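Engineer: One structure is given below, represented as structure tokens, and several questions about it will come after.
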Amino acid sequence: MEKLKNIISLTIDGQRITVQSGTTILAAARKLDISIPVLCHHPKLTATGACRVCIVEVNGIPVTSCTTAAEEGMEVITASPYIENLRRDIIDLILSDHPYDCMVCERAGSCELQELAYKYQIRTPVFRGERRIYPKRDGNPFIERDMEKCILCGRCVKVCDEVQGVGAIDYAYKGFQTKICPPFERDLSCEFCGQCITVCPTGALVSKPSLGKGRQQDIRKVATICPYCGCGCNLTLHAHKNEVIRTSSPKDSINEGWLCVKGKFGLSFINSPDRLKTPLVRKNGVLVEASWEEAFTYTADRLKQIRDTRGPDAIGGLSSARCTNEENYLFQKFLRAAVGTNNVDHCARY
Amino acid sequence: MSSQPIEIKVCLGTSGSAAGGEEVLRMFQHRISEQGIEAQIGRRCTPKKVGCRGFCSRDVLVDIIRDGNKTTYQSVTPIMVERIVQDHIVGGTAIAEWTVTDEYASFHEKQHKIVLGPCGEIDPESIDEYIAMQGYLAARKAMTRMTPDDVIDEVVRSGLRGRGGSGFLTGEKWKVCRREEQHPKYIICNVGEVNRPLAEGNPHAIIEGLLIGGYAICASKGYLYIRERYHRSVERLRIAIEQAREKGFIGPNVFGTGFDFEIEFSFGTEAFICGEETALMESIEGKRAMPRVRPPFPAVQGLWGKPTVINNAETFSNIPIIIGRGGEWFSSIGTKESKGTKVFTLSGKVRNNGLVEIPMGMSFRDIVYGIGGGIEGDKALKAIQVGGPSGGIIPTSMLDLGLDYENLAKVGSIVGSGGMVVFDEDDCIVSVTKFYMEFLQRESCGKCTPCRVGTRRMLELLTKITEGTGGDEDLRTLERLSGVMAATSLCGLGRSAPNPFLTSFSHFKDEYLAHIRDRKCPAGVCTALIIFSVNEEQCKGCGLCKRVCPAKAIAGEVKKIHLIDPDRCIKCGACFRACKFKAIKKQ
Amino acid sequence: MAGLATVFGSGAMTNSLAEIENNDALFVIGSNTKENHPIVALRMIKAVRKGAKLIIADPRRVPLVRFAHLWLQQRPGTDVALLNGMMHVILNDGLTDSAFIAERTEGFDENFRKNIGECTPESAEKITGVPKEKIVEAARIYARAERAGIYYTMGITQHSHGTDNVLSIANLALMTGNLGKESSGVNPLRGQNNVQGATDMGCLPNLFPGYQRVTVPAVRRKFEELWGVKLPEHEGLMANGMLDAALEGKLKALYIMGENPVLSDPDMSHTKKALSSLDFLVVQDIFMTETAALAHVVLPATSFAEKVGTFTNTERRVQRVRRVVDAPGLAMKDSHIIMELSGRMGYSMPYHHTEEVFQEIGKAWPAMAGISYSRLDEEGGLQWPCPTADHPGTPFLFKNGFPRGKAAFSMVQYTPSIEQPDAEYPFTLTTGRMLFQYHGGSMTRRVAPIEQVAGEPYIEINPEDARDLAVTNGTVVTVASRQGSLTVKAQVSARPGRGVVFIPFHFREAAANVLTSSKGLDPICRIPSLKVTAVRIEKT
Amino acid sequence: MEKVLTKILDQHRKEKGSLIALLQRIQETFGHISEENVAWFSRMLDIPESRFFGVITFYPKFRTSPVGKNTITVCCGAACHIKGADKLLDTAREALGLSDDEDTTADLSFTLQKATCIGACNIAPVVILNKQVHAGMDPVKVTKLIKGYEREEFLGYL
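Residue numbers (my numbering), protein chains in the order written: chain C, 6 to 355; chain G, 213 to 799; chain W, 5 to 544; chain U, 17 to 174.
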């Protein structure tokens, strides 16, 4: 039972707010629509406190707002010149160990680091120095892992462990050499759910099949539903011209923004060259291309003929669990109303 | 003729052993039994091992206690044992030329040995000897006559602060944990590298302190976190635990009070970051030692998510003394805010390297020149680094500063767990700073940005300077970087990592500028900035330099002046060291 | 679904996916959730992380077992014995919810109790191979939990006694009152994106849209009015009945939309033979499937990404499908094809927009009357029943009672599966899906990266069996059943228990349904027994 | 092999030890922690291999390649550093014929390691050969130490 004593009030940038005890400063600030930049924080994962970008000032001391719980009477300043300078320098440090290849990066335009570099106008870092170079590329066919772009926020490690329950990757080595990788630096071998791509703030983890297929600004995004199992995951399909090149999922959906390998990577069948593109009619034992008119006429004639000679119950229909409600409705209506039989079923009704 | 037994105490600390202590002890045992010495003189001779008494530069140290007189021999080797046995043990005459000199007395005189007191006196593997000097009385007193709150009050009264680094008031920390309602609770003793002499010399004091602490916060389990490779410390603590368990001091129903307490080892492996409390807990849990964000503090949510107190072995060693003699007594030692004593490993270019315990507030001058006996080879003192790798560098001008938590904080340093390294005129401050930064960047866990990237960038900039390619702007960048790291790093390692640079830069700015503007290393250490050449007036043409030069960079005929080819010279310094006529110049 | 409908009067997941994470206990039986419903599994893992107890009953060590508190490895097809054993414990320990039983159920009578009383954990252990301690523990965890949910899939239904399994599960839930509340219920997880919808829409021989019986005159009259045409009075044939009728020459034409029964139905040669004996076969699909290859007319249809409409997911949530790209070539929307054919057959279906169809569904079935495209666009998805425009949808069912009044206990006794291993066919084959592939593979097998990591069929063999057969990873073996045989590479794995083997059914080159039997259908819902087939394994 | 692993596993389960304790035991037994052994324990304990690898690579003590019969550790703490630890390291490397990126001799007789401070600052510089600490070392002593040891028999792991 939550009691009233668990309610605390504090001020953030001079605005008063009342929150449940245990609420972080970051969460409280967001309630006030005060934006604090973050890189390692992710609302669906446990706090890490690693990137330090979300620092705010409490009693003159910088604390990470993503991990510090609000306290009664706390006075928080989110963007004093002192804090903004520190923040800028932290981002600068991250950029000093990050490749400057936004021009070819898949995430350009949707990269959280790029966004911060832009906001703080960091063109060349003050803190220049050696950058991690990893010549080896991961051979798995789904996830491009460019660890030079990794800012070690740890979101991927946490999502893989906490959400997906797999633990395919973890931090390895330490200090400046710290690297997130599969065991013994083998190629990634996992469920390939792509959750790590979803949470990655930079271009370190991107979908391999979509590399080079379309830039963020040239993409149309359409919300729809996954065609695979019955979970009904919400998908956002990213289309470039007439091709679906990538999938993401809205984070507040019933699937909470998570997908599986099929939903995330399994939709290229849409643009498969194997797709049936024209009606086929069997002639002399062979299926040959036909016009719609020919196919419709032939089909309707044959069905009518059978119905007229053998009765409507000589005709049956099998509908599909892959088709829409509307199509299924029309299908059974067709058999019942147009053909006149209840011989309708679907294969996967069990 | 007296029948009082003769005691022979052989120092078998890390240093004593390294110097051949075991061999010396074996020699004594062998001589005494083989030659029937005991029968010959009609009394018992008991050679025994004792822990480190601190004066390690003269190891192996051996005490002979005969008829109530203690004679200490220094630098004892196995060969010397025969004569000591004959002349001193049998003959009753000490061998004056082998005994310790005045410096041994002055080394000890200015110290105030509370926790180190029994080290070097008692056999660390004997609980009876510990009990004989009132061991476990404090624990008995705490558990039978005091409530946990009383114990905490006493520790609060003593003003004891954590000896591991942060210097947080021990009693206050315990109080927070005591208040937590969640159970079980844990109490952890970190046995760090500096604590090894304590573990080796008087392990029962640590166990007793841990036991009292466990009682005070109502923990049921104590952990001894220690690196596995400290074999001797581990072994002595293990023996101590077994003995204490046999006596019923740990285990179920301690002292019949119904309090159950178990102690377990948790073996760490080498990682400097494990000095950080939360990283240490991660390590005990078997994970990568990456510090956790705080709050929540360990006293509220620590090991396995349960309330936990962590102190180091020196802190725990003080506890039986505080309970035994009272917090009031303890607080009479030291300064206003820093009570008691602190153990340091005095090392570097000081004459008397060793383990010292000083009352808080003692000046660096007294430590270096009083206890330490001054600088080796009568060179000039340059600086003192205190507080471990992330401590600060104290210049000669601050020699009269009293060593306590407040003063060190004021000069940008920390007390730390007790490292003190002395540098002389031959040491380059920039190079030393670079060395510490190299260590810190290697030991950074890599979790937070400022420390992971910052330490690397600082190292790169310092390297640039020592290589003579630095510019003034690099100093500004270093300062700016220091500010970010100190303000925003996740744990103490990153926050204190700029200390060596900040303190050395503020006191030795000229030396930095010499590297940058003059491309010179005044101490002649930074190889990129030094040139070896032959002083023609002193060269006798002996050819030794030519022979030792690995790069074949020296040419010259016998009895004629030799020359160094600067292009070939790899600046290894072999010629410099080899020349008997000081004819090689280093600039 | 027939089972659940019998008990409660409605067959669907009683609860929502989001409720899973608030379960105190989860009983997952016959469901390889982590591979087949990966996102549901994430909710289950979340529940475990929040402190829930997870019990899994499965003949294979499915990946979710990693998170389970208890894993019961029952022999394939012995679920009723296991469930009855658990109920025995619950009855014995007095863990039943008597208030719930009294108020909301019927049939909890002497006979029922006597039947359960005979099913001791000891006897269950003998049948199932699960140690009785585990049965006892599972029963107690489930019965003592405040909010307990049961989750199952084809591991329960695809048996010659699938309906019994479902009834048994329902008994367990009813007995402990785990129904009609948030986070506690009986939840069949649907294997395909719109199975729920296809069923809801009345693609069933006995039911109109909304589970309304074709044989009830009043219902029929309502639909005759709505559709303006006279409708047939008797029930039609079920899918396998149609195949049998085709073989018998009674069914002459079949119109298949978006299905591939050759691969997905049991006993492939039987299916092929049946389809080949038709006078006329029309297949409407997006790929040239094994079934389409037998057709007289193949009509190119559109994929989900090329059309608008709605899908209903496993938790009865109706959600919008939207067009992303244009269909390739001359491919046409399925609805247009049906409308065109219907017109040519003399029954005009003049819809101008898909939404008009959806509106008509609302008229046919009151439970969906409150849902509209605009609401779906705004609210993201609605769970039926949702009778009015201001109704928020129904996250969990039976809050205020069961559609049939009182829920009925059913007396269920363990009956062995039809396919029993013997000396000639000593192994029990169970089939199912793997994470990477989907169903007959017509979609996933055209995705290159998926084929790269999981493009090869295999048979899982227990390490001890493998040793006896002198088989190692990659050894090609012949697997033969009473129906047929195939060759496939062995994968030695500790997942199945001894004597059990597993083949994923996605691969046409080693189609598991060559082996399965189309006989031994469940007497009530005519579901084939795909999970238990006796096979023999030989090195080739 | 499997028997040895099972024994370690049983003991680990009995003691409810941490992952680090397990890795220490594996290394004690085999001298190093092989990929195959990690895979085996990962399977038996259902702990992802990535956790093992993360811990192994965090602590410099753990190694994934076989260790030499003898281990020479040069302390490189501050006190040892200013007293010439780098030179000792170079000397040892040369005496053992190791290149900069090798730490173990080809015949697996020696492994050379660096230690951060081992806490024997007062007797710096120190070199540890197997368990024995050698104080006040210089390059000549290091060479002697190594050459003297090379002749001795080693009882080896398992």
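Virtual Cβ for every residue (Gly too), placed ideally from N, Cα, C.
Values in this document were obtained by computation on a predicted structure and should not be read as measured data.
Distance check for residue 470 (chain W) and residue 540 (chain W), CA to CA, integer angstroms please.
Structural biologist: 13 Å
Engineer: Are the CB atoms of residue 170 (chain W) and residue 156 (chain W) nearer to each other than 9 Å?
Structural biologist: yes
Engineer: Please classify residue 489 (chain W): does DSSP put it in a helix, a strand, or coil?
Structural biologist: Strand, per DSSP.
Engineer: I need the boundaries of the alpha helix (DSSP H) containing residue 265 (chain W), first residue and last residue.
Structural biologist: 265 to 268
Engineer: Does the beta carbon of residue 194 (chain G) come closer than 9 Å to any beta carbon on chain U?
Structural biologist: What is shown of chain G runs 213 to 799, which leaves residue 194 (chain G) out entirely.
Engineer: Closer than 7 Å by beta-carbon distance: list the chain G residues that pair up with residue 49 (chain C), in chain order.
Structural biologist: Within 7 Å Cβ-Cβ: nothing; residue 49 (chain C) doesn't reach chain G, min ~18 Å.
Engineer: Nearest by alpha-carbon distance to residue 274 (chain G): which of G:254, G:231, G:476 and G:302 is it?
Structural biologist: G:231
Engineer: Three Cβ pairs or more, each shorter than 8 Å: is that satisfied between the stretch 91 to 109 of chain W and the stretch 98 to 116 of chain U?
Structural biologist: no
Engineer: Buried or exposed, going by whether 16 or more other CB atoms sit within 10 Å of the CB of residue 12 (chain C)?
Structural biologist: The residue is exposed, with fewer than 16 neighbouring Cβ atoms inside 10 Å.
Engineer: DSSP state of residue 343 (chain W), grouped into three classes?
Structural biologist: helix
Engineer: Below 8 Å on the Cβ atoms is my guess for residue 297 (chain G) versus residue 249 (chain G); work out the distance and round it to an integer in Å.
Structural biologist: Contact flag correct, Cβ pair sits at about 7 Å.
Engineer: Let me make sure I understand the geometry here. Which of C:275, C:36, C:211 and C:196 has the alpha-carbon closest to that of residue 40 (chain W)?
Structural biologist: C:196
Engineer: Just to confirm, is the Cβ distance from residue 57 (chain U) to residue 114 (chain U) under 9 Å?
Structural biologist: no
Engineer: Is it buried or exposed for residue 156 (chain U), if we count other Cβ within 10 angstroms and need 16 for buried?
Structural biologist: exposed
Engineer: Please confirm whether residue 345 (chain C) has its beta-carbon closer than 9 Å to some beta-carbon of chain U.
Structural biologist: no
Engineer: Is there contact between the stretch 173 to 188 of chain C and the stretch 66 to 86 of chain U, where contact requires at least three CB pairs shorter than 8 Å?
Structural biologist: yes
Engineer: Return yes when the Cβ of residue 493 (chain G) is within less than 9 Å of the Cβ of residue 659 (chain G), no when it is not.
Structural biologist: no
Engineer: Buried or exposed for residue 30 (chain C), going by 16 or more other Cβ atoms inside 10 Å?
Structural biologist: buried
Engineer: With distances taken from CA atoms, which of G:279, G:409, G:700 and G:509 is nearest residue 488 (chain G)?
Structural biologist: G:509
Engineer: By Cβ distance below 8 Å, which residues in the same chain neighbour residue 281 (chain W) in space, the five residues on each side in sequence not counted?
Structural biologist: Residues 250, 251 and 253 of the same chain have their beta carbon placed closer than 8 Å to that of residue 281 (chain W), with the five preceding and five following residues left out of the count.
Engineer: By alpha-carbon positions, which one of W:334, W:357, W:333 and W:331 ends up nearest to residue 343 (chain W)?
Structural biologist: W:357
Engineer: Please classify residue 128 (chain U): does DSSP put it in a helix, a strand, or coil?
Structural biologist: Residue state, collapsed to three classes: strand.
Engineer: Counting only Cβ-Cβ distances shorter than 8 Å, please list the residues of the stretch 229 to 241 of chain G near chain U, keeping chain order.
Structural biologist: 229, 230 and 231
Engineer: So is residue 115 (chain U) in contact with chain G if we call contact Cβ pairs under 9 Å?
Structural biologist: no
Engineer: Please report whether the beta-carbon of residue 123 (chain W) lies at a distance below 9 Å from any beta-carbon of chain C.
Structural biologist: no
Engineer: Pick helix, strand or coil for residue 83 (chain U), following the three-state DSSP scheme.
Structural biologist: Coil, per DSSP.
Engineer: Entirely within the stretch 124 to 170 of chain C and at least 3 residues each: give me those beta strand (DSSP E) ranges in chain order.
Structural biologist: 148 to 150
Engineer: From residue 762 (chain G) to residue 783 (chain G), what distance separates their C-alpha atoms?
Structural biologist: 10 Å
Engineer: Let me check understanding here. Comparing Cα to Cα, which of G:639, G:338 and G:216 lies closest to residue 735 (chain G)?
Structural biologist: G:639
Engineer: Hey, does residue 303 (chain C) have any beta-carbon neighbour from chain W nearer than 9 Å?
Structural biologist: yes
Engineer: Alpha carbon to alpha carbon, how far is residue 112 (chain W) from residue 273 (chain C)?
Structural biologist: 52 Å
Engineer: Relative to the C-alpha of residue 716 (chain G), which candidate in G:667, G:754, G:596 and G:637 has its C-alpha closest?
Structural biologist: G:596
Engineer: Would you list, in chain order, the members of the stretch 53 to 67 of chain U that have their beta-carbon closer than 9 Å to a beta-carbon of chain C?
Structural biologist: Answer in chain order: 54, 55, 58, 63, 64, 65, 66 and 67.
Engineer: Under the three-state reduction of DSSP, which class applies to residue 531 (chain W): helix, strand or coil?
Structural biologist: Correct three-state label for residue 531 (chain W): coil.
Engineer: Thinking just about the alpha-carbon of each residue, which of G:460, G:485, G:641 and G:767 is nearest to the one in residue 474 (chain G)?
Structural biologist: G:460
Engineer: So, helix, strand or coil for residue 541 (chain G), using DSSP?
Structural biologist: helix
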